[in-house]
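Note that the protein sequences, when read in sequence, are chains A and B. For the first sequence, the residue numbers in the numbering used here are 2 to 180. For the second sequence, the residue numbers in the numbering used here are 4 to 365.
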Amino acid sequence: MKLLQRFYLVEVVSGLTLTAAHFFRNMGLHIAHALGRTDARGAVTIQYPEERRPYSPRLRSLHRLVRREDGSPRCVACMMCETVCPAHCIYIVAAEHPNPEIEKVPARFDIDLGKCVFCGYCVEACPEDAIRMDTGILEFSSYSRDGMIYTKETLLALEPAGADGRPTSPVPIPADRRP
Amino acid sequence: MTDLGIAFGRVAFVMLFVLNMGGLLTWVERKQSAIMQDRIGANRASIFGFRLMGLFHPLADAIKMLTKEDFRPARADRVLFGLAPFVSVFFALVAFASIPFGDVLRVAGREIPLQAVTLNVGILYVFAMLSLGVYGVMMAGWSSANNFALLGGQRAAALMISAEIAIGASIMGVVMIGGSLNMMDIVRAQGHLLWGWLPAWGIVTQPLAFVLFLTAGIAATKRIPFDTPEGESEIIGYFIEYSGMKFGMFAMADFLETVVIAGMTTSLFLGGWQIPYLVADGVRFPWGGAIGLPHLLVVLLQVGAFVVKVCAMIFFMMLVRWTLPRFRYDQAMRLGWLGLFPLSILNIALTGLGLLLWGGPA
């Protein structure tokens with residue numbers, strides 16, 4: 002260490018100058034913001050529930066099941082996603098489809114989001130493009146493990162996110178939090 | 004009866020000032036650190052939707068702490084464990100009593116000195132109270148039946164001794180120039196003008212002592228960079244076994260000590276309630292010319308000046324607290340005993356030499 006650094010006081014003053022400069026610059030920006038200059042920002046903070054940062058279009062969010070034109074699921078219950086899932090969080094029960102052109106339909110399609118690792122393999126594996134992770138919904142939580150299990154009906158009702166990446170369908174409320 | 008009322012009023016003013024400042028400092032600490040670090044800081048607590056820049060957070064904290072479980076370890080000393088936080092807060096609170104916050108107020112033929120208690124040995128009183136404050140910390144450390152707490156208490160005692168010695172020695176120069184141990188007299192002595200224009204504030208006449216006193220004073224508050232007694236990341240410290248409001252009282256004692264040290268620095272080195280060129284009957288500029296002001300306005304200005312100076316000192320101490328990293332225990336000891344203490348002695352010698360050469364106390 003140089004002699005000046007060993008003396009410490011000089012370094013203390015230079016450090017205090019730096020932090021004080023930050024303080025007064027940010028304080029000025031905060032005051033300017035309060036006086037109506039909305040472009041002046043004294044902090045890098047994003048005030049989360051009111052303010053959100055833009056989501057990437059590639060973001061893997063809550064799954065949804067894609068519908069056919071008649072509203073039935075596009076899924077043919079081929080079990081590809083269930084097989085590829087590394088977390089074993091997908092549970093499918095297959096059933097006969099009334100239309101003979103279509104082989105099968107899921108009688109049940111449950112995703113346990115408490116186990117899901119959001120790897121997106123199910124979307125990759127699907128030969129029918131029947132499952133997607135583009136709802137933009139990230140804020141699902143529950144007071145119980147059962148509340149994290151999302152059923153076929155819930156997943157079918159979801160819509161893809163808008164162009165701004167924001168969810169267009171309401172966040173599904175798990176059973177244990179329904180009023 | 005009137006005398007009693009006046010005495011009560013003086014004490015109440017100081018008490019409310021110090022207590023409110025102590026409570027507000029929790030808010031200042033959060034907000035100032037946030038602004039220094041490009042953040043926003045706590046702003047969520049609200050009453051009827053009003054957030055007031057997070058000013059309700061101290062209130063929310065108090066409610067939280069009062070409603071928490073007051074836990075006492077099974078092997079802790081029942082009496083001392085309960086007493087320690089109160090001792091800590093009490094001595095931090097009463098230390099402010101002899102710091103003057105204004106000149107003499109003349110109302111209806113009475114002369115009211117604006118300090119809670121007029122003491123001839125005011126400085127010694129503040130030191131005594133600050134030193135006694137460490138007993139609370141030591142009691143907490145010892146009575147908790149926890150080795151980390153004991154370690155913290157022992158560190159606090161060692162740090163306090165090394166800091167107090169440096170504080171006591173560094174203000175000797177101010178006392179020599181002021182010629183009195185009475186805080187009021189010391190502040191008055193700083194009202195003189197050097198060479199006809201420079202206020203003889205302690206920071207001008209005793210620059211070395213100012214740096215030494217401030218360093219030792221920050222050490223006496225046990226806050227970063229001298230928080231070895233707490234050392235959150237290593238031993239957690241003397242209050243490790245405390246919870247709820249008792250823990251809050253230790254934190255509060257630290258804040259109160261910050262206010263006391265800020266008040267001391269203001270009184271001894273920043274001219275206390277003095278405003279440059281403001282005398283008892285108005286403003287008198289050194290280049291001639293004067294503006295007459297009513298007595299009450301002068302007194303109000305002086306009290307306001309004192310409060311502003313204390314707030315500025317608190318700002319500075321917070322700036323230090325949020326800028327510097329913690330000293331290691333041995334570094335803090337070395338700084339106290341091998342740095343601050345010899346320099347304070349040197350300062351006494353230099354002051355004596357100066358007084359010998361340029362005349363005695365003014």
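Ideal Cβ placement from N, Cα and C applies to all residues, glycine included. None of the values given here were measured: they were computed from a predicted structure.
Note: residue 107 of chain A is bridge-paired with A:95 in the DSSP secondary-structure output. Looking at the backbone, the Cα of residue 140 of chain A and that of residue 148 of chain A are separated by about 13 Å.
Here residue 34 of chain B is buried, its C-beta having at least 16 other C-beta atoms within 10 Å. Taking C-beta separations shorter than 7 Å and ignoring five residues to either side along the sequence, the partners of residue 241 of chain B in its chain run 140, 143, 144, 152, 155, 156, 159 and 232, following chain order. For residue 120 of chain B, there is no enclosing alpha helix (DSSP H), as DSSP gives it neither H nor E. Rounded to whole angstroms, the separation of the alpha carbons of residue 248 of chain B and residue 68 of chain B is 5 Å. Scanning chain A for C-beta atoms nearer than 7 Å to the C-beta of residue 42 of chain B yields 44 and 46, reported in chain order.
Using beta-carbon distances, residue 13 of chain A counts as an interface residue toward chain B, with a partner under 8 Å. If only uninterrupted alpha helix (DSSP H) runs of at least 4 residues are considered, none is enclosed by the stretch 258–285 of chain B.
In this structure, residue 202 of chain B lies near residue 277 of chain B, with their beta-carbon atoms less than 8 Å apart. Shown here, residue 124 of chain B sits in coil according to DSSP, grouped into three states, outside any helix or strand. DSSP links residue 66 of chain A through a beta bridge to A:132.
Using a CB distance cut-off of 8 Å, residue 24 of chain A counts as an interface residue toward chain B. As DSSP reads the structure, residue 110 of chain B sits in a beta bridge with B:113. With a contact defined as Cβ atoms closer than 8 Å, residue 263 of chain B and residue 99 of chain B qualify at about 5 Å.
Within chain B, 319, 322, 323, 326 and 327 have C-beta atoms less than 9 Å from the C-beta of residue 17 of chain A, given in sequence order. Interface with chain B (8 Å Cβ-Cβ cutoff): residue 162 of chain A is excluded. Each residue's CA atom was taken as its position, placing residue 315 of chain B and residue 14 of chain A some 17 Å apart.
Residue contact with chain B for residue 41 of chain A: absent (no Cβ-Cβ distance below 8 Å to any residue of chain B). Annotation for residue 294 of chain B: the continuous beta strand (DSSP E) segment containing it runs 293–295. Scanning its chain for C-beta atoms nearer than 6 Å, with the 5 sequence neighbours on each side dropped, one finds around residue 306 of chain B the residues 104 and 105, in chain order. Taking C-beta separations shorter than 8 Å and ignoring five residues to either side along the sequence, residue 214 of chain B has no partners in its chain. The alpha helix (DSSP H) runs of length 4 or more contained entirely in the stretch 161–190 of chain B are, from start to end of the chain, 175–181. For residue 39 of chain B, the neighbours in chain A by C-beta distance under 9 Å run, in chain order, 20, 21, 23, 24 and 27.
Taking the C-beta atoms as reference points, residue 132 of chain A is found nearer than 8 Å to residue 64 of chain A. Within the stretch 11–75 of chain A, there are no complete alpha helix (DSSP H) runs of at least 4 residues. Annotated three-state conformation of residue 250 of chain B is helix, per DSSP.
Taken in chain order, the members of the stretch 24–39 of chain B whose beta-carbon sits within less than 8 Å of a beta-carbon on chain A are 35, 37, 38 and 39. With fewer than 16 other Cβ atoms inside 10 Å of its own Cβ, residue 360 of chain B counts as exposed. Following the DSSP letters along the chain, one finds residue 241 of chain B in no alpha helix (DSSP H), marked with neither H nor E. Scanning its chain for C-beta atoms nearer than 7 Å, with the 5 sequence neighbours on each side dropped, one finds around residue 163 of chain A the residues 169, in chain order. Of the residues assessed, residue 4 of chain B falls on the exposed side of the cut-off, its CB having fewer than 16 other CB atoms within 10 angstroms. The three-state reading of DSSP puts residue 147 of chain A in helix, counting H, G and I together. Straight-line measurement puts the Cα of residue 179 of chain B at about 22 Å from the Cα of residue 342 of chain B.
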